[in-house]
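First up is the structure itself, then whatever we jot down about it.
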Amino acid sequence: MGRKYESLEELRRKKNLLKSEISDLESLLTFKNTKESLSAFTNGFTDDYLQEQVDENGEEKIVLRKDVIVKQLTSEMKDTFINKNTAKELAGSALKSSGAVDTLVRLGITALIGNFAKKNMKSSNWKKKLVGAVLIYLAPVALKFLRKKLETYQKNKSVSSMEQLI
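Numbering (our numbering) for the sequence shown: 1 to 166.
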């Protein structure tokens with residue numbers, strides 16, 4: 001498993017090198033120099049955002065460089081939101097996707113039926129209350145059934161039109 005060494009002296013040198021490497025790693029892990037330790041852990045990512053300062057007691061402390069953070073955030077936001085092409089693409093993709101229209105239709109139908117059922121449930125007439133309760137419990141089932149029928153009709157229609165093209 002181990003490597004064969006030529007002499008005892010070579011083994012001692014290797015041992016000293018490993019000890020020094022371990023002590024270097026331990027000094028990083030003990031955060032004696034916080035900025036350097038964080039830099040090692042994050043592969044230099046935190047170097048731009050941290051700064052060492054000496055406080056009034058003469059102790060060194062690490063502070064965030066807010067100016068750098070704000071500058072980077074504003075440039076990212078500017079690039080993202082001010083770009084006209086991005087806004088046009090977002091608006092176009094939202095309108096082109098059938099998912100958005102489908103969702104709007106579903107929300108509209110749900111709102112209409114919900115408002116009608118709510119109005120009937122508040123009525124003093126027991127027949128209207130019964131209609132409201134039926135709408136609340138049976139409308140989702142009926143709408144699901146209707147949607148499945150429409151989907152199968154649309155699928156059959158598209159298949160028949162494809163057959164005619166072929």
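Think of the CB as a built atom: it goes at the ideal place given N, C-alpha and C, for glycine as much as any other residue.
Legend entry - Per-residue burial, N120 [other beta carbons within 10 Å of its own, 16 or more giving buried]: buried
Legend entry - Reduced DSSP secondary structure (H/G/I, E/B, other) of E167: Because the chain spans 1 through 166 in this model, residue 167 falls outside it and cannot be assessed.
Inset, instruction - Kindly confirm or deny that the region 108-119 and the region 134-145 touch, where touching means at least three C-beta pairs closer than 8 Å. - result: yes
Legend entry - Inter-residue Cα distance where the pair is E76 and I69: 11 Å
Inset, instruction - From the DSSP output, read off the bridge partner residues of Q164. - result: Answer by DSSP bridge pairing: none, since Q164 is not bridged.
Inset, instruction - Leaving out five residues on either side along the sequence, give the residues of the same chain with a beta carbon under 8 Å from the beta carbon of L135. - result: I113, F116, A117 and N120
Inset, instruction - Round the Cβ separation of I62 and K19 to the nearest angstrom and send it over; I've been treating them as touching at under 8 Å. - result: Actually they are not in contact, since the Cβ atoms of I62 and K19 sit about 29 Å apart, beyond 8 Å.
Legend entry - For L64 and D24, the rounded distance between their alpha carbons: 26 Å
Legend entry - beta strand (DSSP E) segment containing K4, residue limits: Here K4 belongs to no beta strand (DSSP E), and DSSP marks it neither H nor E.
Inset, instruction - Mind checking who E26 pairs with in its DSSP beta bridge? - result: DSSP lists no partner for E26.
Inset, instruction - Tell me whether E52 sits in a helix, a strand or coil according to DSSP, three-state version. - result: strand
Inset, instruction - Give every residue of the same chain whose Cβ lies closer than 6 Å to the Cβ of G132, excluding the five residues on either side of it in the sequence, and list them in chain order. - result: A117, N120 and M121
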